[in-house]
Amino acid sequence: MKRKIAIAAVTAAVLVGGGTATAVALADDDGRDAGVGTARVTAADAASSAVRAVPGTVSEAELDDEDGGPVWELDVYGSDGVRHEVTVDADNGKVLGKHTSDGDDRDRPAPRSAPVTLGTAAAAALKASPGTVTSIELDGHGGKAVRWEVGVRGGDGTAHEVDVDAKSAAVTVDRSDDGRDADDD
């Protein structure tokens with residue numbers, strides 16, 4: 001799941017970083033913030049809710065804005081060897097839905113091949129680039145986990161992409177995200 005760029009008109013809110021608040025940023029065609037909504041559930045907490053509903057390991061989480069408010073969309077590599085998509089309410093952590101993924105998973109790394117968990121990667125990214133996690137995805141080559149790609153929205157509204165090594169949790173890249181990445185869909 002790549003970060004989706006949504007066109008939305010939302011009342012602007014000021015995000016004060018820290019605590020359990022998490023931000024979802026909506027961007028217009030130029031990648032500028034159209035507004036910021038808040039959520040109370042972190043990526044790690046959403047992952048915990050998802051694996052209670054579908055036992056396995058979370059390989060991806062993205063904060064998205066839906067009609068009913070912010071939700072986490074998570075990919076879980078199930079204990080059954082099947083990939084599942086789980087939607088978690090970003091305000092209360094309740095699972096809103098789950099289904100089997102119908103995407104092509106042949107080139108995706110199995111999250112069990114990453115010694116660093118989603119929660120550890122998110123914490124490392126936030127230490128290097130304070131703010132709130134808006135997306136996190138396990139990336140790899142040949143079925144092996146290489147890094148976690150973490151999207152962070154800084155307290156000043158700046159978007160950052162932070163790469164966290166999947167074996168050591170070392171932050172390897174921290175760059176401002178202008179919202180114009182060719183592979184962001």
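The sequence shown finishes on residue 185 if you use our numbering, and the numbering steps up by one all the way, no holes.
All C-beta atoms in this analysis are idealised placements derived from N, C-alpha and C, irrespective of residue type, glycine included.
Given the structure is predicted, the values throughout are model-derived calculations rather than measurements.
Inset, instruction - With distances taken Cα to Cα, identify the nearest neighbour of V88 among G131, V41, A124. - result: Indexing the sequence shown from 1 puts residue 88 at position 88. Cα-wise, what sits closest to V88 is V41.
Inset, instruction - Starting from R52, follow the alpha helix (DSSP H) in both directions and report where the run begins and ends. - result: Stepping through the sequence shown from its first residue, residue 52 is reached at position 52. First-last of the alpha helix (DSSP H) with R52: 43 to 53.
Inset, instruction - Determine the contact status of A122 and R147, defining contact as a CB-CB distance below 7 Å. - result: For the purposes of this step, residue 122 is identified with residue 122 of the sequence shown, where counting begins at 1. For the purposes of this step, residue 147 is identified with residue 147 of the sequence shown, where counting begins at 1. Going by C-beta atoms, A122 is not nearer than 7 Å to R147.
Inset, instruction - Find the nearest neighbour of S79 within the set R52, V116, V71, judged by alpha-carbon distance. - result: Position 79 of the sequence shown, counted from the first residue, corresponds to residue 79. It is R52 whose Cα lies nearest to the Cα of S79.
Inset, instruction - Compare the Cα-Cα distances from H84 to each of A90, K98, V71, N92 and report the closest residue. - result: Along the sequence shown, one-based indexing puts residue 84 at 84. When each option's Cα is compared against that of H84, the closest is K98.
Legend entry - CB of V71 within 7 Å of CB of D64, strictly: Residue 71 sits at position 71 when you count from the first residue of the sequence shown. Residue 64 sits at position 64 when you count from the first residue of the sequence shown. It is a contact, given that the beta carbons lie within the stated cut-off.
Inset, instruction - For D156, write down the residues that DSSP places opposite it in a beta bridge. - result: In the sequence shown, residue 156 corresponds to position 156, counting from 1. None; D156 has no bridge partner.
Legend entry - Where A170 falls, given that 16 or more other Cβ within 10 Å makes a residue buried: Residue 170 sits at position 170 when you count from the first residue of the sequence shown. A170 is exposed by the Cβ-count criterion.
Inset, instruction - Using a Cβ cut-off of 7 Å (strictly closer), state whether A128 contacts chain C. - result: Judged by its chain identifiers, the structure shown contains no chain C, having just a single protein chain.
Legend entry - Per-residue burial, S168 [other beta carbons within 10 Å of its own, 16 or more giving buried]: Within the sequence shown, numbered from 1, the residue matching residue 168 stands at position 168. By the 10 Å Cβ count, S168 comes out exposed.
Inset, instruction - Indicate whether A125 and V162 have their beta-carbon atoms separated by less than 7 Å. - result: Numbered from 1 along the sequence shown, position 125 holds the residue referred to as residue 125. Numbered from 1 along the sequence shown, position 162 holds the residue referred to as residue 162. Yes, these two residues count as a Cβ contact at 7 Å.
Inset, instruction - Compare the Cα-Cα distances from G151 to each of T132, G69, S48, T172 and report the closest residue. - result: Counting from 1 along the sequence shown, the entry for residue 151 is found at position 151. Checking every option, the nearest Cα to that of G151 belongs to T132.
Legend entry - Selection from A90, A114, A61 that minimises the alpha carbon distance to V76: Start at 1 with the first residue of the sequence shown, and residue 76 comes out as number 76. Sorting A90, A114, A61 by C-alpha distance to the C-alpha of V76 places A61 at the top.
Inset, instruction - For G131, verify whether its CB is less than 6 Å away from any heavy atom of the ligand MG. - result: This structure lacks the ligand MG, and indeed carries no ligand of any kind.
Inset, instruction - For T187, count neighbouring C-beta atoms within 10 Å of its own C-beta (all shown protein chains included) and say buried if the count is 16 or more, exposed if not. - result: Nothing about residue 187 can be read from this structure; the chain reaches only from 1 to 185.
Legend entry - Limits of the unbroken alpha helix (DSSP H) element including K127: Residue 127 sits at position 127 when you count from the first residue of the sequence shown. Taken as a continuous stretch (DSSP letters only), the alpha helix (DSSP H) holding K127 covers 118 to 128.
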